[in-house]
Structure formats: structure tokens, C-alpha cells
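A.B. asks:
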Amino acid sequence: MTTQMHLAAQYLAAAGISFLENKSDDSHTNLGFSTDRGSLYTRPLNSSGDLLSLNYHLFTLEWTSHNTIKTLQLNGTSHAEVLQWIRRMAKDSDLDSPYTYALHYELPYTITDSYIYTLKDINRLSQLIAYRKLSKFAIQEFLQNNQLSSEIRIWPHHFDTGAFASLEDESGLAIGLGLAIPDTMCNDYYFYISGYQGHDGLNTSDFKPLTTGKWYSEGFKGAVLPISGVDKTTIIAFFEEAFTAYKN
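If you read the sequence shown in my numbering, its first letter stands for residue 43, the second for the next number, and so on.
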């Protein structure tokens, strides 16, 4: 289900690419997450505030326009049919540009017109919602505790929930933190935090071991904590301990 949701999120990213002003940091493609609805959603796509959303609870795409929601059930629907539906929604909303599915980054999997979405495990979807909620609440509380300011967004390329904040002092330190999907570094969803001076990741090879989580210094420079068996308190403590190490 992680793969299918990652693929389905690309329809939202493509809407940002099609209808929004291009941003150098790609933030026009990133997505919000509603903890109430269990949905990913785009930035407003026009002056009327139209949105394209991906509902985890219902396994649907949703087009919101003038407080009306039109829904496409993904289960049993092909990639080609999804594109037809989104183009019809965009046309009905009088968006100036056409909807094009043209991503400027590579995903770890490919999709063809005949690809069909299948609801294989509804319990896994519920777990994925819980992961997104947990990450948003933990990141939000950590940022508030440290008087840091950042949007918390899902980046469609790597599909991580992430935040990036600069310290309001003369140190020049900035931190990136979030929740990543399984990859070559960890076969589970995992929390991460890394420090930056400008565009350069800060070396962690001399840092003391963490109480929870682990420092990495080759390739990715930062700390990692797998999600299994941890709660919000543990996650925030992990962020705090790593953040203190960077500040010191």
C-alpha cells in the first residue's frame, strides 16, 4: 500500500506542476496532510481555492471546488482513467492550464496507462494514516518547544513528511527533520533529523551516541529512529537530543 499511495500522491504533485507558479525549491509540488480527514492535499490550485486530495481512509481522489467534493474511487481504477478524471475536473473548474502528468524527478517504480490500483490491505492504510498523524504531531510539538518556524509538508518525490527551520541567531544553523518511508538506509518507516550550515550537511562522526536512534555520517549525515515501538514522547526526545548535539 505504501507504493500505491506514493504513486497516487504523484497526481497531486502533477497538479502543482501544472497549475501553480514554479518554485525553485519545488514547494509548489509538496502536500499538506489533514489529520482530521486522513488526506493529503495540494496547495490551492486557483483563486477559488480548488484542491486535489488523496483520502487514505476511503482510498479515493477528491476534487474540492466551491465547497463541493467530487470523488474518484481508486480501487479497480487504471492510471489512464485517473488522468481522464482529473482532466475533466480541471476543465470543469476553468483552470487556465491543462493538467499534464509530467514529473521532473524519478520514482523507484514506474507506472503505465494500464496500471490498476487495488485496495489490498485496509488495515495497512489505517497504519499509514497513524504514521502521518504521529509524525505531524511530534514535529509540530518539537518546533513549538524550540520556537522554530516551518511548514510541515509531504514531499512527493521521497514521500517524507518534513520540516526545515533555521535558528534565529548568528550560528547559521538550520535543521531538517521528518518521517521517511522505508529505503536502503532503513527497512521501516523512520524519523530523521539533520543539521546544515548553508547547503552543507554537518559532520556527525564525532557526536556522542544517542539514547534512542543512531547517528549516520556516511552519505546521509544525521540521526535516524525507526518508527516501530516508539511513541510521540520518544520521538520528541530523539529530536531534542539530536538538536542539542547540533547546537553544542
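Yeah, the Cβ is synthetic: ideal placement off N, Cα and C, and Gly gets one too. Keep in mind it's a predicted model, so treat the numbers as computed, not measured.
#1: Which runs of the beta strand (DSSP E) spanning at least 3 residues fall entirely within the segment 51–88, listed in chain order?
#2: Would the segment 211–221 count as touching the segment 235–246 if we require 3 or more Cβ pairs under 8 angstroms?
#3: DSSP on V266, reduced to helix/strand/coil?
#4: Since I believe T106 is in contact with L93 (beta carbons under 8 angstroms), could you give me their beta-carbon distance rounded to a whole number of angstroms?
#5: Confirm the yes/no value for this check: CB of V124, any heavy atom of the ligand GDP, distance under 7 angstroms.
#6: Would you call the segment 229–243 and the segment 257–277 touching, i.e. three or more CB-CB distances under 8 angstroms?
#7: Touch check for the segment 132–148 and the segment 85–99: three-plus C-beta pairs under 8 angstroms?
#8: I'd like the span of the alpha helix (DSSP H) that includes A216, first residue to last.
#9: Using DSSP bridges, identify the partner residues of Y234.
#10: Just mark N72 as buried or exposed, buried being the case when its beta carbon has 16 or more other beta carbons within 10 Å.
#11: If we count the other Cβ atoms within 10 Å of its Cβ and call it buried at 16 or more, is Y232 buried or exposed?
#12: Using only CA atoms, which one of T152, I277, S270 lies nearest to T253?
#13: Give the list of continuous alpha helix (DSSP H) stretches no shorter than 4 residues that lie fully inside the segment 100–126.
#14: Just how far apart, CA to CA, sit R174 and D248?
#15: Using 10 angstroms around the beta-carbon of M47, count the other beta-carbons present and answer buried if the total reaches 16, otherwise exposed.
#16: For F101, which residues of its own chain have a beta-carbon under 6 angstroms away from its beta-carbon, when the five flanking residues on both sides are left out?
#17: With a CB to CB cut of under 6 angstroms and the five nearest residues on each side skipped, what residues in its chain are close to S177?
#18: Decide if Q99 is buried, meaning its Cβ has at least 16 other Cβ atoms within 10 Å, or exposed.
#19: Would you call the segment 184–193 and the segment 152–172 touching, i.e. three or more CB-CB distances under 8 angstroms?
#20: Any idea what DSSP makes of A144, helix, strand or coil?
#21: Go through its chain and collect everything with a Cβ distance to S191's Cβ below 8 angstroms, but skip five positions before and after it.
#22: Using CA coordinates, which residue listed in L62, G80, V124 is at the minimum distance from L170?
#23: On the CB-based measure, 16 or more other CB atoms within 10 Å of its CB, does S60 come out buried or exposed?
C.D. replies: Based on what the coordinates show:
#1: 74–76, 81–83
#2: yes
#3: strand
#4: 4 angstroms
#5: Ligands in the displayed structure: none, and consequently the ligand GDP is not present.
#6: yes
#7: yes
#8: Segment 215–222 is the beta strand (DSSP E) holding A216; no alpha helix (DSSP H) there.
#9: G220, V266
#10: buried
#11: buried
#12: I277
#13: none
#14: 32 angstroms
#15: buried
#16: L116, N117, L161
#17: T203, L221
#18: The residue asked about is misnamed: residue 99 is His in this sequence, not Gln. Flag for H99 reads exposed.
#19: no
#20: coil
#21: L185, A207
#22: G80
#23: buried
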